[in-house]
Amino acid sequence: MTVHKEIGSGFTEGAYQEALEMELEEQNIPFEAQVRLPIMYKGKKLRKYFVADLLCYDKIIVELKSSNFLHKSGSDQLVNYLKATNHEVGLLINFGESSLKWKRFINSVN
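Count along the sequence shown starting at 1, add 17, and that's the number in the working numbering.
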């Protein structure tokens, strides 16, 4: 919320990611940026991977968006990431609206 309050809407996802990284560091929240996460298929790791915008606490996938509204495709994308990587929690954060919008997702099938 601090990032959105400070710089508002209208910037690229990359700008929000950089600002959020600074905020996470200031708050001593452990994270990795642009981390490659393996994709599992039938218990086997594929050669392909997906790149998470942020991975916090080694377990929370954070997907950042900067659009006029949260598209269903963003939700679908994060749900698929959770299933394919066996991570439990994901956050979809949209900085593109006048008010910060976010959704939390839980992968109940592990």
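Note that beta-carbon positions come from the ideal geometry of N, C-alpha and C, so glycine has one too.
Note that this is a predicted model, so its numbers are computed, not measured.
Residue i (DSSP reduced to helix, strand or coil)
i	result
Ile46	coil
Burial state of residue i (16 or more Cβ within 10 Å)
i	result
Thr102	buried
Ile110	buried
Val68	exposed
Tyr130	Outside the shown range of the chain (18 to 127) lies residue 130, about which nothing can therefore be said.
Tyr33	buried
Tyr58	exposed
For residue j and residue i, believed in contact at Cβ under 8 Å, the rounded distance
i	j	result
Leu87	Asp70	The Cβ separation is near 15 Å, so there is no contact.
Val95	Gly113	In the sequence under discussion, the amino acid at residue 95 is Leu, which differs from the Val named in the question. Leu95 to Gly113, Cβ: 16 Å. No contact.
His104	Ile78	5 Å
Val52	Leu37	Contact doesn't hold; Cβ gap of about 14 Å is too wide.
Ser83	Thr19	16 Å between Cβ atoms; not a contact.
Ile92	Lys120	Sequence inspection shows Ser at residue 92; the Ile mentioned does not correspond to that position. The Cβ separation is near 7 Å, so the contact holds.
Selection from the options that minimises the alpha carbon distance to residue i
i	options	result
Ile56	Lys100, Lys120, Trp119, Ser116	Lys100
Glu40	Leu54, Gly27, Gly60, His21	His21
Ile46	Ser26, Glu23, Lys76	Lys76
Ala50	Leu63, Ser125, Gly31, Lys65	Gly31
Tyr98	Leu54, Ser26, Leu117	Leu54
Inset, instruction - May I have a chain-ordered list of the beta strand (DSSP E) segments no shorter than 3 residues that lie completely inside the stretch 24–99? - result: 48–58, 61–73, 77–82
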